[in-house]
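>
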Amino acid sequence: DDILPLMDNDEFYYGYLGKQALSSTSFKQILNDFNEFLLAREGLGKVIPKQALRDGRLIHLAVLEPHRLDDLTIIDSTKGSRLYKNAVAERNDAEVYTTREMRKCIPLADNVAKDFESFMLLDGAVNEVSGIMMLEGLPVRGKADILRKDDNHIIDLKTTSDASRFEQSIDTWGYDLQGALYLKMFKCDRFSFIVLDKITGEVSHRELTKEELTRGQSKLDKAIKIYKDYERRSN
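Counting with the numbering used here, you get residues 2 to 236 for the letters of the sequence shown.
1) Skipping 5 residues on each side, what residues in its chain have a beta carbon closer than 6 Å to that of S193?
2) Please specify which runs of the beta strand (DSSP E), each continuous and at least 3 residues long, are wholly inside the region 128-187, giving them in chain order.
3) In chain order, what residues of the same chain have a beta carbon less than 6 Å from the beta carbon of D116, not counting five sequence neighbours either side?
4) Do the CB positions of L54 and L62 come within less than 7 Å of each other?
5) Our contact map puts D56 next to K199 with C-beta atoms below 8 Å; I'd like the distance itself, whole angstroms only.
6) Report all residues from its chain with a CB closer than 8 Å to the CB of I76; omit the five preceding and five following residues, and keep chain order.
7) Which first and last residues belong to the alpha helix (DSSP H) in which T100 is found?
8) Of the choices P108, Q218, T161 and E66, whose alpha-carbon is the least far from that of I147?
9) If you draw a straight line from the C-alpha of Q179 to the C-alpha of S25, how long is it?
10) Which value, in whole angstroms, describes the spacing of the CA atoms of C189 and S78?
11) Residue range of the alpha helix (DSSP H) that L39 falls in?
12) Give every residue of the same chain whose Cβ lies closer than 8 Å to the Cβ of K144, excluding the five residues on either side of it in the sequence, and list them in chain order.
13) Is S78 near the ligand GDP, going by C-beta to nearest heavy atom under 6 Å?
14) Whole angstroms is fine: what's the gap from N153's alpha carbon to L5's?
15) Run through the DSSP bridge pairs and tell me what V204 is partnered with.
16) Could you check which residue in D151, I171 and L139 has the C-alpha nearest to that of G125?
17) Helix, strand or coil for R92, going by three-state DSSP, please let me know.
18) Nearest to D94 by CA position, among L59, D111, E118 and L109, is which residue?
19) Let's see if you can read the secondary structure: which residues bound the alpha helix (DSSP H) around T74?
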């Protein structure tokens, strides 16, 4: 109860809790490459393509927290310009965007808003809901993009460069693990995706099946075992 209000602050959520609590991303890293997980926890992990992250964050803001767009600094120049670099020096990279990025991402976000099924899922829901719990003695954090409390339903907004490959991404990128974890954390029954193709602008929807959630739970159990074995060896 004391921590939850603090989790709305990105610096606390991704900074302090990034080292003090595990997450669905942590568990995926543990399964894929434990050494990479250890490096990432210290902020030394592999660099994910920055523009993809920037686009995804901007689209998430526009769809889920449009009021926060007013807090961004928008620069009508390139990221290599002195104007942009000065703005980043005054704030930080995540709060400064170029006009070109806005022109690219905002219309994509509008496609989600115009999509009827997405509108119905977002209507009456609570967005960007933080959660934290103890799972088998381990502190675990998470943030639900869209939470429909009345329906016990979590919806996650995913952006992709190829929606036709999303089916295999569920297994490859551990979205099934994320679903299994979040259903526990937020005490829900259903986990779905709004999938936005950044190339075509098309919006689609997909709910995790019972079989996929069972597979995700198995992955989660395995990751927890690997981490707890590491803790025992370290102590």
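C-beta: ideal position from N, C-alpha, C; glycine also. A quick note: this is a predicted structure, and the numbers were derived from the prediction, not measured.
Let's see:
1) I156 and E208
2) 139-149 and 154-161
3) V204
4) no
5) 6 Å
6) S82, L84, Y85, A88, V97, Y98, T99 and T100
7) T100 to K115
8) E66
9) 5 Å
10) 44 Å
11) F35 to R42
12) M8, Y14, E129, V130, S131 and G132
13) In the structure shown, the ligand GDP is absent, as is every other ligand, since no ligand is present at all.
14) 20 Å
15) L197
16) D151
17) coil
18) L59
19) It is not in any alpha helix (DSSP H) - T74 instead sits in the beta strand (DSSP E) that spans T74 to I76.
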